[in-house]
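Protein chains in written order, with my numbering: chain A, 314 to 588; chain B, 12 to 345.
Single-structure report; data block below.
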């Protein structure tokens with residue numbers, strides 16, 4: 314009986330919190346479907362009686378959002394591919410081969426996870442400027458091909474859970490380390506690859522500072538820059554700004570609902586938790 | 012032939028290292044008689060070293076090209092005055108002298124410290140409380156988890172744009188909600204005293220990632236320990252403070268480190284929501300660095316400020332590691 318009451322109260326609290334967390338998103342959706350000016354009416358009408366779906370088309374008519382979407386997906390896919398391939402390769406070298414210096418490289422990896430990126434922002438910009446990469450997409454996705462410390466770490470932790478007998482058996486059959494990685498180990502890393510894919514995609518998709526610094530031509534804008542531009546030009550039209558925001562957020566929500574498990578797994582793979 | 016070796020593997024050697032040393036000695040008996048010195052490596056060891064370096068080479072190159080090189084280069088920048096048009100001019104430690112006379116440096120440091128040392132503890136408390144609630148045995152947990160987590164993965168630009176409207180003093184939702192309780196209205200982003208609290212409130216809405224990490228930690232607390240404590244007569248609160256908290260203290264520590272490092276570098280939200288205003292109340296250090304570098308083209312000065320921020324973050328991280336063994340419990344290190 315007591316637990317029943319406790320659970321009931323817990324549900325009430327969690328629903329109240331849930332509504333608080335959902336409120337901003339609900340408001341975006343609601344406002345994005347209103348007429349101009351309706352957004353300013355209080356008390357707020359949460360469910361528009363006559364949803365204006367045309368607001369979404371209006372966004373595309375005002376600024377080339379189809380280009381922003383294309384650019385965002387290009388950068389995100391290239392960056393994600395780099396992150397996955399580099400973390401597989403580097404993690405293999407750090408978890409399944411033994412060589413002098415391996416522990417040193419791993420220590421450096423842990424250190425770079427904690428280094429604040431801001432210290433390299435300016436010199437890296439100047440270097441990219443020197444090689445004429447400013448104004449191209451390269452600075453946004455090429456660094457991913459050299460591996461992200463967190464993703465390598467995550468992949469290494471996962472690889473450590475796979476039995477080494479697999480590699481040994483393949484080695485006896487004369488397989489090189491390259492073949493062992495791609496034909497024995499990588500196929501077993503599915504869950505870690507899935508998690509890294511999701512995190513890396515969102516990382517590139519949500520990135521703001523890099524595009525802001527490196528991209529200047531408007532037809533090369535990614536969605537975050539495009540949204541900011543849209544807000545700057547049509548800031549008074551809340552219904553349109555909210556529709557543009559929703560266009561930016563929607564892919565993330567779709568990915569999230571299809572890949573919830575990978576998000577939750579991410580925390581477990583690091584080995585920080587769930588020992 | 013391979014069959015025998017398979018059996019050998021199954022019987023004894025559990026790791027590839029033992030295996031490689033085994034083949035090295037058996038396949039080349041001549042080497043066995045030689046004393047193993049540091050300089051002389053067997054063929055297998057050389058191959059392992061080569062492959063190890065080869066496989067980690069993307070990362071090694073990345074560290075050299077994107078961390079070590081740029082950091083050395085920024086030492087050059089610190090000592091020079093450079094607007095990227097005229098050639099760099101050597102000024103020694105002039106940038107640091109200038110910082111002392113630049114009121115915006117002090118202001119942005121104070122603002123950043125406020126945001127971090129008020130914001131991060133609150134974020135940890137909220138994330139932890141949510142995780143504890145999600146760790147109960149009740150129905151519909153995955154739905155709640157989804158809802159609490161979702162905001163943290165939305166693009167920063169999108170939620171910043173949205174929150175500007177939510178915090179709008181006249182038409183925003185937050186003031187409307189406060190109005191239900193007879194509070195407000197508050198000028199939020201338009202009032203120096205409220206701008207930072209407003210950004211901190213928003214950051215609480217984004218604690219989903221920390222929450223998930225806490226939750227995974229809580230789920231890893233061994234049930235036997237809880238039961239043992241219960242048998243010893245510990246009530247729920249005692250079990251929580253004396254079993255759960257120590258076991259997950261490494262996770263609290265991790266979230267704290269990551270939280271502080273991230274908070275010191277906050278940029279996107281302020282850039283979009285306030286651009287440092289009102290009256291520089293939300294001028295955070297990274298925003299000031301960005302302005303100097305990419306709006307005023309004072310590359311040397313901006314690089315110097317970045318180094319200051321870097322050192323501050325390193326010092327705080329070091330302090331936390333120093334105090335960690337007073338309260339962080341690591342299994343097997345009693």
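The beta-carbon is built from N, C-alpha and C at its ideal position, and this holds for glycine as well.
Ends of the alpha helix (DSSP H) at residue i?
i              : result
residue 56(B)  : 54–74
residue 367(A) : 367–375
residue 441(A) : 431–443
residue 466(A) : 462–473
residue 243(B) : Here residue 243(B) belongs to no alpha helix (DSSP H), and DSSP marks it neither H nor E.
residue 542(A) : 536–547
residue 511(A) : 503–519
residue 454(A) : 451–454
residue 4(B)   : Because chain B is modelled from 12 through 345, residue 4(B) falls outside the range shown and cannot be assessed.
residue 247(B) : 247–250
residue 550(A) : Where residue 550(A) is concerned, there is no enclosing alpha helix (DSSP H), given that its DSSP letter is neither H nor E.
residue 415(A) : 415–427
residue 301(B) : 296–301
residue 225(B) : 219–230
Could you check if residue i is buried or exposed, using at least 16 other CB atoms within 10 Å of its CB as the buried criterion?
i              : result
residue 379(A) : exposed
residue 344(A) : buried
residue 258(B) : buried
residue 151(B) : exposed
residue 193(B) : exposed
residue 40(B)  : Residue placement at residue 40(B) is poorly supported in this model, since its pLDDT is 37, which falls under 50; the coordinates are not used for a value here.
residue 221(B) : buried
residue 244(B) : exposed
residue 234(B) : exposed
residue 530(A) : exposed
residue 454(A) : buried
residue 15(B)  : With a pLDDT of 29 at residue 15(B), under the threshold of 50, the modelled position of this residue cannot be trusted; read the value that follows with caution. The residue in question, residue 15(B), is exposed, as its Cβ has fewer than 16 Cβ neighbours within 10 Å.
residue 278(B) : buried
residue 276(B) : buried
residue 526(A) : buried
residue 168(B) : buried
residue 306(B) : exposed
residue 317(A) : exposed
residue 276(A) : Missing from the structure shown is residue 276(A); chain A here goes from 314 to 588 and no further.
residue 238(B) : exposed
residue 126(B) : buried
residue 534(A) : buried
residue 466(A) : buried
Using the three-state DSSP reduction, which class does residue i fall into: helix, strand or coil?
i              : result
residue 92(B)  : strand
residue 575(A) : helix
residue 530(A) : coil
residue 195(B) : coil
residue 347(A) : coil
residue 290(B) : coil
residue 83(B)  : helix
residue 275(B) : helix
residue 478(A) : helix
residue 311(B) : helix
residue 595(A) : Shown here, chain A extends from 314 to 588; a query on residue 595(A) therefore has no answer.
residue 494(A) : helix
residue 258(B) : helix
residue 322(A) : helix
residue 117(B) : helix
residue 489(A) : coil
residue 146(B) : coil
residue 564(A) : helix
residue 126(B) : helix
residue 235(B) : helix
residue 364(A) : coil
May I ask you to list the residues that DSSP assigns as paired with residue i?
i              : result
residue 100(B) : 92(B)
| Sequence ranges, alpha helix (DSSP H) only - wholly within the segment 149–211 of chain B, length at least 4 | For the segment 149–211 of chain B, whole alpha helix (DSSP H) runs of length 4 or above, ordered along the chain, are 152–164, 167–177 and 184–191.
| message | Report the start-end ranges of each alpha helix (DSSP H) in the segment 378–413 of chain A that is 4 residues or longer and not cut off at the edges. | response | Complete alpha helix (DSSP H) runs here, min 4: 378–408.
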